[in-house]
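Novice: Residue 690 is where the sequence shown ends in our numbering, and the numbering goes up by one at each step.
Supplied in structure tokens, the structure appears directly below.
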Amino acid sequence: MPVATTTASPAGAERVSARVRVQKFGTFLSAMIMPNIGAIIAWGLVTALFIPQGWWPDEHIATVVGPAITYLLPVLIAYTGGANVYGTRGGVVGAFGVMGIIMATSDPLFIGKDGHASPMFLGAMIMGPLTAWTMKKLDSLWEGKIRPGFEMLVNNFSAGIWAMVMAVAGMFLLAPVVLALIAGLGDAVQFLVGHDILPLTSIVIEPAKVFFLNNAINHGVLTPLGIQQASGSAGKSVLFLLEANPGPGLGLLLAYMAFGKGVSRASAPGAAIIHFLGGIHEIYFPYVLAKPRLVAALVLGGMTGVFTNVLLGSGLIAPAAPGSIIAILANTERHSYVGVVLSVLLAALVTFAVAAVLLRTDRSDDIDLAAATADMEARKGRKSSVAGHLAGGAAAGTALAADRPIHAIVFACDAGMGSSAMGSSVLRRKVQAAGHRDVTVVNKAISTLQDEWDLVVTHQDLTARAQQRTASATHVSVDDFLSSPRYDEIVDLIDRTNRSGGTRAPAPATVVDPSPGAGASAADTAAAPVVAGSGVLGREGIELHGQARTRDQAIDEAGRLLVVQGSVDDAYVASMHEREESVSTYMGNLLAIPHGTNEAKGSIRRTAMSFVRYDQPISWNGSDVRFVVGIAGAGDDHLSLLSRLAGVFLDDAQVARLEAARTPDEVEQVLAAVQV
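Written out as structure tokens, the structure is:
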């Protein structure tokens with residue numbers, strides 16, 4: 015991603031690493047809660063409407079409230095957490111494993127007849143993933159050692175026995191720990207409320223949101239505690255509004271609308287709509303990252319909102335996710351509408367006033383919103399769902415235009431090797447098929463670019479960086495390297511501009527760049543033989559039923575197969591993760607091709623690739639992937655491999671054959687052309 019880099023001290027590196035670890039932990043927690051928000055909201059609505067204190071009391075419908083909060087929701091969360099770790103098998107054992115801790119904190123046998131059941135959201139978030147992870151480790155002990163015909167028997171009974179063991183362990187070992195933890199956290203919240211210092215939490219929460227640490231706070235602490243409060247006699251919780259209040263973000267964007275400059279001022283109204291109505295708070299983060307002192311405005315606004323809710327005793331009955339004003343009002347407790355609405359309005363007003371002063375006294379030029387957006391995505395660790403509203407370049411959905419004929423096109427990426435080689439190969443074929451023989455398409459590293467190109471194509475995460483080096487070129491952003499509709503738009507653009515003529519001379523047929531990592535034309539390298547050694551793809555490198563459920567697990571799985579083939583050492587697998595943090599290796603057509611960095615070339619012993627197919631698609635930065643092909647190319651072999659792989663995965667018939675393959679031999683037959 016386009017992030018400015020400096021030589022960091024070990025202490026600085028440790029701080030960055032700690033931030034990344036907290037982000038990943040928050041994402042892990044969020045991945046358990048967010049898929050079940052609909053069920054949590056359903057419970058909240060039933061509670062608000064049909065309990066004796068609700069809008070339309072109904073004793074029959076109200077019977078759903080207790081079982082849902084005590085049993086259903088924790089089981090759903092445990093299942094989701096287990097499935098994230100170990101697929102359906104992990105979800106099933108995780109769902110049963112949590113039953114022990116649920117019963118130990120709700121059944122009269124444990125808590126007495128007059129005791130109050132404790133909703134086990136926190137216990138579910140621990141026991142679900144833990145049971146699945148230990149099940150996965152146990153399965154690995156006898157993997158490949160079971161006699162044919164006994165697989166189902168062993169798998170079913172091992173899952174049943176281990177789920178029972180974990181349920182009993184949760185009942186007697188984990189339940190007391192979790193109860194003590196919840197009590198401690200609850201006491202901390204009560205201390206903040208009792209001493210009228212709950213608003214001070216905004217000092218942590220508002221900056222944490224901008225640095226994407228909020229998931230760990232929100233889903234790890236606030237949501238479980240908030241649900242516990244809402245399920246008690248209070249029937250509501252202010253904790254749901256500590257992070258979700260859209261007032262501070264709205265006030266900031268209104269200040270930019272009134273006192274901003276240039277692009278930031280022009281983009282602020284659209285961002286405000288996305289933030290306030292859509293509930294996507296990250297849309298305003300780049301405005302803060304570009305001018306960090308604006309965090310003060312957010313903190314003061316957040317404190318105002320929390321203070322208002324505490325003063326008026328207002329709260330929500332369930333989490334508001336996303337943090338849209340619509341979701342907030344839908345989950346507001348019936349007697350809290352005045353307080354909640356005032357908390358949003360006053361938070362927005364205070365943030366606007368402080369931000370207005372800061373912006374009016376700022377004599378600097380307009381902010382670089384594209385660079386700030388790129389910085390935000392770097393901190394987030396993945397592409398923003400709303401970055402297209404802020405980032406520069408010709409993003410998807412924007413009509414392409416150029417002020418001169420197009421003869422020289424460069425597809426640029428971080429190192430000029432992996433994704434750009436495949437993207438340039440696909441685009442070159444389309445350009446040549448359209449009859450534009452005078453147009454060259456090459457791949458290069460962004461760091462080697464000079465302002466000499468007619469058109470520059472980059473992954474949307476890298477467009478801002480490319481624009482800085484090639485300001486006069488037409489820039490096109492893509493997020494799909496194989497089948498992006500932008501390629502056809504580029505061909506149409508060439509048809510229009512080149513037919514209308516121009517003064518720029520055609521580029522030479524071949525552009526050679528001797529700089530390391532830049533890469534010559536992939537058309538040239540595609541014809542070069544691959545040094546296969548003992549085979550680029552062997553049967554030991556093929557897995558037809560991948561077990562990974564996340565992107566990082568899939569990279570590990572593909573990398574492990576490269577190691578098994580003797581192609582690379584473990585350091586190369588680590589570099590595959592490093593590459594993924596730089597820019598996504600998702601290629602489109604259900605395909606991802608993780609590969610190492612240029613600096614990891616020394617870890618490659620010979621050219622090879624691995625192939626993993628997944629029965630169910632996994633999420634790769636928000637896109638579905640069923641095929642993961644790990645690449646390790648000695649020298650420039652990776653360029654040839656990528657070019658040939660592009661040819662295979664652009665052919666729907668070949669993709670269908672890979673989907674239907676039942677043996678490694680069938681996969682080898684389809685990919686035979688890649689190994690020539």
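We put the beta carbon where it would ideally sit given N, CA and C, even for glycine.
#1: Going by the CB atoms, is the gap between G316 and S13 shorter than 8 Å?
#2: Are the beta-carbon atoms belonging to I116 and P88 less than 8 Å from one another?
#3: Within its chain, find whatever has a CB closer than 8 Å to the CB of I51; leave out the 5 residues flanking it on each side and keep chain order.
#4: How long is the line joining the alpha carbons of Q683 and A622, rounded to whole angstroms?
#5: Residues bridged to W634 by DSSP?
#6: Answer with buried or exposed for E673, where buried requires no fewer than 16 other C-beta atoms within 10 angstroms of its C-beta.
#7: Give the straight-line distance between the Cα atoms of R620 and S581, rounded to the nearest whole angstrom.
#8: Determine the contact status of R418 and T511, defining contact as a CB-CB distance below 8 Å.
#9: Counting Cβ pairs closer than 8 Å, one from the segment 160–177 and one from the segment 69–86, do we hit at least three?
#10: Provide the residue(s) that pair with N457 in DSSP beta bridges, ordered along the chain.
#11: Note the first and the last residue of the continuous beta strand (DSSP E) segment covering Y727.
#12: So is I12 buried or exposed if we call it buried at 16+ other beta carbons inside 10 Å?
#13: Provide the residue span of the alpha helix (DSSP H) that contains S216, from first to last.
#14: With three or more C-beta pairs closer than 8 Å as the rule, is the segment 91–102 touching the segment 133–153?
#15: By Cβ distance below 6 Å, which residues in the same chain neighbour M46 in space, the five residues on each side in sequence not counted?
#16: Is the Cβ-Cβ distance between F321 and P213 less than 8 Å?
#17: Can you tell me whether V182 is buried or exposed, with buried defined as 16 or more other CB within 10 angstroms of its CB?
#18: Would you kindly check if the distance between the Cβ of A197 and the Cβ of F110 is under 8 Å?
#19: Whose CA, out of V643, Q561, M185 and L655, lies closest to the CA of W147?
#20: Can you give me the Cβ contacts of A426 inside the same chain, cut-off strictly under 8 Å, excluding the 5 residues immediately before and after it?
#21: For a minimum of 3 consecutive residues, which ranges assigned as the beta strand (DSSP E) are wholly contained in the segment 441–502?
#22: Do V368 and L314 come within 8 Å of each other at the CB atom, strictly closer than that value?
#23: Excluding sequence positions up to five away, which residues of its chain have a Cβ less than 6 Å from the Cβ of S493?
#24: Do you know how far the Cα of A285 is from the Cα of M113?
#25: Return the residue from the list I569, L655, M590 and L268 that minimises the CA-CA distance to M436.
#26: Distance, Cα to Cα, S691 vs A310?
#27: Is the segment 254–272 close to the segment 185–205, with three or more CB pairs under 8 Å?
#28: So what does DSSP say about S617, is it helix, strand or coil?
#29: Grab the span of the alpha helix (DSSP H) containing G200 for me, first residue to last.
#30: Report the partner residues of T346 according to the DSSP bridge assignment.
#31: Closer than 6 Å by C-beta to H450: which residues in its own chain qualify, once you throw out the five before and the five after it? Chain order, please.
#32: Return the CA-CA distance between A675 and R640, expressed in angstroms with no decimal places.
#33: Rounded to a whole number of angstroms, what is the C-alpha to C-alpha distance between W70 and I125?
#34: Measure the alpha-carbon distance for Q67 versus V597 and round it to whole angstroms.
#35: How would you write the range of the alpha helix (DSSP H) that Y600 sits in, first residue to last?
#36: What does a CB cutoff of less than 8 Å around V445 pick up in its chain, not counting 5 residues either side in sequence?
Specialist: Per the coordinate set shown:
#1: For the chain, the structure presents residues 15 to 690; residue 13 sits outside this window and is missing.
#2: yes
#3: Shown here for I51: same chain residues with a beta carbon closer than 8 Å to its own, the five before and five after excluded, namely P333 and A335 in chain order.
#4: The alpha-carbon atoms of Q683 and A622 are separated by roughly 16 Å.
#5: S637
#6: Counting Cβ neighbours within 10 Å, E673 comes out exposed, since fewer than 16 surround it.
#7: Spanning the two alpha carbons is a distance of roughly 5 Å.
#8: Cβ distance < 8 Å, so R418 and T511 count as in contact.
#9: no
#10: Residue pairing by DSSP puts N457 in a beta bridge opposite F425.
#11: Since the first and last residues shown for the chain are 15 and 690, residue 727 lies out of range.
#12: In the structure as shown, the chain starts at 15 and stops at 690, and residue 12 therefore has no counterpart that could be examined.
#13: Annotation: the continuous alpha helix (DSSP H) that includes S216 extends over S216 to V224.
#14: yes
#15: Same-chain partners within the cutoff: I91, T94, G95 and M139.
#16: yes
#17: exposed
#18: No Cβ-Cβ contact shorter than 8 Å links F110 with A197.
#19: Q561
#20: S434, N457, K458, A459, I460, L463, V470, V471, T472, L476 and A480
#21: Listed in chain order, they are 454–459, 469–473 and 488–492.
#22: Contact flag set, yes.
#23: It is Asp, not Ser, that sits at residue 493 in the sequence shown. For D493, where only same-chain residues beyond five positions count, the Cβ hits under 6 Å are Q474.
#24: 44 Å
#25: L655
#26: For residue 691 there is no data in the structure shown, the boundaries of the chain being 15 and 690.
#27: These segments do not touch.
#28: helix
#29: A189 to G208
#30: L330
#31: Taking H450 as the centre and dropping the five residues before and after it, the same chain places the C-beta of I508 closer than 6 Å to its C-beta, in chain order.
#32: The C-alpha of A675 lies about 13 Å from the C-alpha of R640.
#33: 31 Å
#34: 52 Å
#35: Y600 -> not in any alpha helix (DSSP H); beta strand (DSSP E) instead, spanning Y600 to G602.
#36: I423, V453, V455, I504, V505 and I508
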